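S.K.:
2 protein chains.
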Amino acid sequence: MEYVRVGLLGLGTIGSGVSEALLDGGYRQRIEKRYGVIPVLARAYDTDDEKLQAIPPEARCESAKKLLDDPEVDVVVELIGIPGGDYTPANDFMLGALERGKQVVTANKAVLAQYGEDIFSRAREKDLCVGFEASVCGSIPIINILKQSVDEIESVSGIFNGTTNYILTRMGEDLDYMDALIEAQQKGFAEADPTSDLEGIDAAQKLAILARLAFNIRADALSKEGITGVDKGDLGYARTLSNPCTVKLIAMAKKHDGKLELGVYPVMVPESHQLASVRNETNAVYVVGEHFGPQIYTGKGAGKEPTADAVMRDIVDVGRCMATGKTNLPALNDEKLEVLDPGEVEYPFYLRFSAVNVPGVLARIAGVLGDMYKINIVSANQPGNNPQGEPADIVIVTDPTKYGNMRKALDEIKRVEKKGTKIVAGSKAFRIFDGA
Amino acid sequence: MEYVRVGLLGLGTIGSGVSEALLDGGYRQRIEKRYGVIPVLARAYDTDDEKLQAIPPEARCESAKKLLDDPEVDVVVELIGIPGGDYTPANDFMLGALERGKQVVTANKAVLAQYGEDIFSRAREKDLCVGFEASVCGSIPIINILKQSVDEIESVSGIFNGTTNYILTRMGEDLDYMDALIEAQQKGFAEADPTSDLEGIDAAQKLAILARLAFNIRADALSKEGITGVDKGDLGYARTLSNPCTVKLIAMAKKHDGKLELGVYPVMVPESHQLASVRNETNAVYVVGEHFGPQIYTGKGAGKEPTADAVMRDIVDVGRCMATGKTNLPALNDEKLEVLDPGEVEYPFYLRFSAVNVPGVLARIAGVLGDMYKINIVSANQPGNNPQGEPADIVIVTDPTKYGNMRKALDEIKRVEKKGTKIVAGSKAFRIFDGA
């Protein structure tokens, strides 16, 4: 039997879940029986003294520094997040733990997305482990799956943010954006300040971590667009397309001829695709391997118990690695993929214009798209059937074109209109998912 | 660097995929770089001499016995299946390999379902590994996920057979059963003799393997029903239910108050459930954990490359374990779950009767169900709107009742009709999926 002595930094939602699991006799017995590893809560620390009261007195620690220095701690489990937006404490704790020869487990997607390269290379140098299953999509074991994959990965994409998926699902049920957001907050699926979720930052951090693992690239130049430009009208129009769709916030890392597309954006996903059926706060990771083909993993992406369970799996994994004295991190490939300018990637597009319904408006838009930018229109509709002279929506589906070209065409339409009668007031362009 | 010297038994579809992967420089380099393990094809054997010609001369072996005895082989990869329905050779080879202190990797679901207990306990005794990821749902890493899970598993279920899922999908697109089966055969999704798939035997074998891993039970008493009783009419009616459904062949291992439901049967799955969107030959595993909640994994369940990739993952896993001298099998729990009589499990039901449309026929059926067996009817319809005196279908949805009770009610309806006017000619009862 191998004891794994855990030092727990941070007793927030996930941290309290982990301490409860570590103190739960049934949980521990099951792990001991199955894996011959006994995880124990050796030390815990939180800046909030009240939270420490839930910890048995003998395990309470006075400071993070003491916890790191304590020879009774084998594994430092860092769950402090980024207090006040500050990446430094968590990064320092992880590096400090490795410095002292201790294993690390973390759920810190922000810090790993930013400083993971450094943390991982320190761990590899010292043959130490970093467990970070809980940093991406909560309960879904995607980190472990990618760590153990032997196939060449073609793409890693999916729905990595539960808050926005909940809001999009509810907008598809005819709720307004703000009502859906408030509901998500009431249900605990959105934070008081939901900016990081709504603007795609949270999804981009997770994508950066997965892209590093699957493709060995730094993902700092990651392009991202959130869901603030989506309204329930788009979800309604999506359903009426000839290939009916729904809108999802998709994080996408995908190879194109040796270069990597890397971005987060709202995407029209055909209803026939499995990702379209991933509803509410559920997360999904879509992986395509050269040999194994497409796979989808779905599950709870957040929440105390699902995330704490991922941390517990990591603690056991690290415990088993400790016996071998080897890191649990796969080595890096030498090959470095180039990250594609997102403007260079071709997609079919869903376009939506707000326009005054006067004769010729569609022709003017079509003229700019087709004649000037060689973008072929597959369908064009005015779904509202509004009377002439009234504001109306125009919905257009195009053949595949580069995003950069599409943006230029939309800018041109805007420019023409500014000079003229302003009959076209606004526009949006969402990629249409082509399957992978 | 650790060399893992593979002895490959069987060069059929999967075996040739594995030998190609082992001889593929790119594949090997990637593995070497990432994991510090170098898998090499040391020996190969097949009863078909022609297949051996694809193997480099120095690796060709004259017999299985020689391969097992060869000190140049670390891992025996058994991919011979059950030639002529005979479980003995594969079972003997696996036990023989373990006897000689060699690691084992296999894709043999039939032999593991039947003799896995023995094989695993021998491996544990000698601290050897058994890799069997490829035995269940091809590319989906469900064995590894369950092996590494620390949570209490509540249920493991899903769509484990691609042939039947393909046929059901096509029947939902209005193809007749036989046409769908022939199409599946033409596309290579069904074997020339599809009995094992159609009657649920293949799915039951996979379920037995997963149930042993998740719940530590022997699954020989597994009740199974295939899709031979499903026709395209059921798929059509499924869509018209007030909660629209589709028919899937579901393998189910689920805890109910400390006892385990264990069976394979055609089930009405609500279209809103993610399993309903798993189409064609795709497989899906649905796992519910006490803490992590529901998760679904989907991917290719068969085929040369996806399955060979699963074998390759196992070879690498075994290679890494070899360094530690420990088995990769989790220990068994002491706790033994009791397997529930499937008649004891409650479900809501979809019932379909073929009947002559005469006044009172519905009342007679309803009478037996409600008055004699206390089965509440939620809805009853004659979807065809047939004229009186003509044969017609009656579709009934019930509240949850025990399957045993429902079977008795159907037998009673049959018995009454035999004595009387034979206006009710046939009946079927499919469980309606309640979410997990």
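Listed in order, the protein sequences are those of chains A and B. When the letters of the first sequence are read in order and numbered with my numbering, they come out as residues 74 to 509. When the letters of the second sequence are read in order and numbered with my numbering, they come out as residues 74 to 509. For each residue, glycine too, the CB sits at the ideal point set by N, CA and C. Since we're looking at a predicted model, the values are computed, not measured.
Using 9 Å as the threshold, is the C-beta distance between residue 229(B) and residue 205(B) below it?
M.R.: Locating residue 229(B) in the second sequence gives position 156, counting from the first residue. Locating residue 205(B) in the second sequence gives position 132, counting from the first residue. Contact: no.
S.K.: Once the 5 residues before and after residue 39(A) are set aside, which same chain residues still bring their CB inside 6 Å of it?
M.R.: A query on residue 39(A) cannot be resolved here, the shown segment of chain A reaching from 74 to 509 and no further.
S.K.: Measuring straight from C-alpha to C-alpha, what distance separates residue 427(A) and residue 435(A)?
M.R.: Walking along the first sequence from the start, residue 427(A) turns up at place 354. Walking along the first sequence from the start, residue 435(A) turns up at place 362. Between residue 427(A) and residue 435(A), the C-alpha separation is close to 11 Å.
S.K.: What residues of chain A sit near residue 293(B), judged by a beta carbon separation below 7 Å?
M.R.: Position 220 of the second sequence holds residue 293(B). Correct list: empty, because the minimum Cβ distance to chain A is about 23 Å.
S.K.: In terms of DSSP beta bridges, what is residue 368(B) paired with?
M.R.: Working through the second sequence from its first residue, we reach residue 368(B) at position 295. Paired residues: 360(B).
S.K.: Inspect the beta-carbon positions of residue 447(B) and residue 478(B) and report whether they are closer than 9 Å.
M.R.: For the purposes of this step, residue 447(B) is identified with residue 374 of the second sequence, where counting begins at 1. For the purposes of this step, residue 478(B) is identified with residue 405 of the second sequence, where counting begins at 1. A contact, by the Cβ cut-off of 9 Å.
S.K.: CB residue 244(A) to CB residue 320(A), shorter than 9 Å?
M.R.: In the first sequence, counting from the first residue as 1, residue 244(A) sits at position 171. In the first sequence, counting from the first residue as 1, residue 320(A) sits at position 247. A contact, by the Cβ cut-off of 9 Å.
S.K.: Using a Cβ-Cβ cut-off of less than 8 Å, list which residues of the segment 417-438 of chain B approach chain A; keep chain order.
M.R.: Residues: none.
S.K.: Can you tell which of 482(A), 432(A), 225(A), 316(A) has its C-alpha closest to the C-alpha of residue 361(A)?
M.R.: Your numbering for residue 361(A) matches position 288 in the first sequence. If we check each option's Cα against that of residue 361(A), 225(A) comes out closest.
S.K.: Of the residues 351(B), 459(B), 405(B), 266(B), which one's Cα is nearest the Cα of residue 157(B)?
M.R.: The sequence position of residue 157(B) within the second sequence is 84, counting from 1. Residue 157(B) has its Cα closest to that of 266(B), out of 351(B), 459(B), 405(B), 266(B).
S.K.: Can you look up residue 380(B) in the DSSP assignment and give me helix, strand or coil?
M.R.: Here residue 380(B) is taken as the residue at index 307 of the second sequence, counted from 1. Looking at residue 380(B) - three-state DSSP - the assignment turns out to be helix.
S.K.: Between which residues of its own chain and residue 169(A) is the CB-CB distance below 7 Å, once the five residues before and five after are set aside?
M.R.: To locate residue 169(A), count along the first sequence from 1; it is residue 96. The answer, listed in chain order, is 141.
S.K.: Quick one: does residue 176(A) have its CB under 9 Å from some CB of chain B?
M.R.: Residue 176(A) sits at position 103 when you count from the first residue of the first sequence. It does not: the Cβ of residue 176(A) has no partner Cβ on chain B nearer than 9 Å.
S.K.: Quick one, are the C-beta atoms of residue 503(A) and residue 346(A) less than 9 Å apart?
M.R.: Position 430 of the first sequence holds residue 503(A). Position 273 of the first sequence holds residue 346(A). No, the pair does not count as a contact, with Cβ atoms beyond the cut-off.
S.K.: DSSP three-state label for residue 213(A), please.
M.R.: In the first sequence, the residue the question calls residue 213(A) occupies position 140. Coil, per DSSP.
S.K.: Report the CB separation of residue 176(B) from residue 201(B) in whole angstroms; it is logged as a contact under 8 Å.
M.R.: As a working note, residue 176(B) is residue 103 in the second sequence. As a working note, residue 201(B) is residue 128 in the second sequence. Indeed they touch by this definition, with Cβ atoms about 6 Å apart.
S.K.: List, in chain order, every chain A residue whose beta-carbon is nearer than 7 Å to that of residue 340(B).
M.R.: On the second sequence, residue 340(B) is found 267 positions in, with the first residue counted as 1. Those within 7 Å of residue 340(B) in chain A number zero; the least Cβ separation is about 17 Å.
S.K.: With DSSP as the reference, label residue 432(B) as helix, strand or coil.
M.R.: Translated into positions along the second sequence, residue 432(B) becomes position 359. Residue 432(B) falls in the coil class under three-state DSSP.
S.K.: Leaving out five residues before and five after residue 399(B) in sequence, what residues of the same chain have Cβ atoms less than 8 Å from its Cβ?
M.R.: In the second sequence, residue 399(B) corresponds to position 326, counting from 1. 200, listed in sequence order.
S.K.: Could you pull the start and end residues of the beta strand (DSSP E) that residue 467(B) belongs to?
M.R.: Here the question's residue 467(B) lines up with position 394 in the second sequence. That run of the beta strand (DSSP E) goes 464-471.
S.K.: Which runs of the alpha helix (DSSP H), 4 residues or longer, sit entirely within the segment 225-300 of chain B?
M.R.: You should have 235-245, 250-259, 268-271, 274-288.
S.K.: Anything in chain B within Cβ reach of residue 458(A), meaning under 7 Å, just list it in chain order.
M.R.: Here residue 458(A) is taken as the residue at index 385 of the first sequence, counted from 1. Ordered by position in chain B, no residue passes the 7 Å Cβ test against residue 458(A), which lies about 29 Å from the chain.
S.K.: Is there contact between the segment 121-140 of chain B and the segment 75-95 of chain B, where contact requires at least three CB pairs shorter than 8 Å?
M.R.: These segments touch.
S.K.: For a quick check, are the C-beta atoms of residue 402(B) and residue 186(B) less than 9 Å apart?
M.R.: Residue 402(B) sits at position 329 when you count from the first residue of the second sequence. Residue 186(B) sits at position 113 when you count from the first residue of the second sequence. Against a cut-off of 9 Å, the Cβ pair of residue 186(B) and residue 402(B) comes out as no contact.
S.K.: CA-CA distance, residue 112(A) and residue 194(B)?
M.R.: Reading the first sequence from its first residue, position 39 is the one you call residue 112(A). Reading the second sequence from its first residue, position 121 is the one you call residue 194(B). Taking the straight line joining both Cα atoms gives about 26 Å.
S.K.: By the 10 Å Cβ neighbour count, where 16 or more other Cβ atoms means buried, how is residue 238(A) classified, buried or exposed?
M.R.: Position 165 of the first sequence, counted from the first residue, corresponds to residue 238(A). Under this definition residue 238(A) is a buried residue.
S.K.: Measure the beta-carbon distance from residue 455(A) to residue 465(A) and round it to whole angstroms, keeping in mind my assumption that it falls under 8 Å.
M.R.: For the purposes of this step, residue 455(A) is taken as the residue at position 382 of the first sequence. For the purposes of this step, residue 465(A) is taken as the residue at position 392 of the first sequence. Right, their Cβ atoms sit about 5 Å apart.
S.K.: Output the boundary residues of the alpha helix (DSSP H) element that contains residue 104(A).
M.R.: Translated into positions along the first sequence, residue 104(A) becomes position 31. Where residue 104(A) is concerned, the enclosing alpha helix (DSSP H) stretches over 98-108.
S.K.: What are the complete alpha helix (DSSP H) segments, minimum 4 residues, inside the segment 300-350 of chain B?
M.R.: Counting whole runs of 4 or more residues, the segment 300-350 of chain B contains the alpha helix (DSSP H) stretches 305-313.
S.K.: Just checking my contact of residue 150(A) with residue 388(A) at CB under 8 Å: how many whole Å lie between their CB atoms?
M.R.: For the purposes of this step, residue 150(A) is taken as the residue at position 77 of the first sequence. For the purposes of this step, residue 388(A) is taken as the residue at position 315 of the first sequence. With a Cβ gap of about 7 Å, residue 150(A) and residue 388(A) count as contacting.
S.K.: How many angstroms separate the CA atom of residue 308(A) from the CA atom of residue 350(A)?
M.R.: On the first sequence, position 235 is the one that residue 308(A) refers to. On the first sequence, position 277 is the one that residue 350(A) refers to. So the alpha carbons of these two residues sit roughly 14 Å apart.
S.K.: Taking beta-carbon pairs under 8 Å, can you tell me which members of the segment 105-139 of chain A lie near chain B?
M.R.: Taking 8 Å as the Cβ-Cβ cut-off against chain B, the residues of the segment 105-139 of chain A that qualify are 106, 107, 108, 109.
S.K.: Starting from residue 76(B), trace the beta strand (DSSP E) both ways and give me its first and last residue.
M.R.: Residue mapping note: residue 76(B) aligns to position 3 of the second sequence, counting from 1. Element bounds for residue 76(B): 75-82.
S.K.: Could you spell out where the beta strand (DSSP E) holding residue 178(A) opens and where it closes?
M.R.: Position 105 of the first sequence holds residue 178(A). It spans 176-179 - the beta strand (DSSP E) in which residue 178(A) sits, taken as one unbroken run.
S.K.: According to a CB-to-CB cut-off of less than 8 Å, which residues of the segment 380-394 of chain B neighbour chain A?
M.R.: So the close ones are 381, 382, 383, 385, 386, 389, 390.
S.K.: Please report the Cβ distance between residue 410(B) and residue 323(B), rounded to the nearest whole angstrom; I am assuming they are in contact, meaning their Cβ atoms lie under 8 Å.
M.R.: In the second sequence, residue 410(B) corresponds to position 337, counting from 1. In the second sequence, residue 323(B) corresponds to position 250, counting from 1. Wrong, their Cβ atoms sit about 20 Å apart, outside the cutoff.
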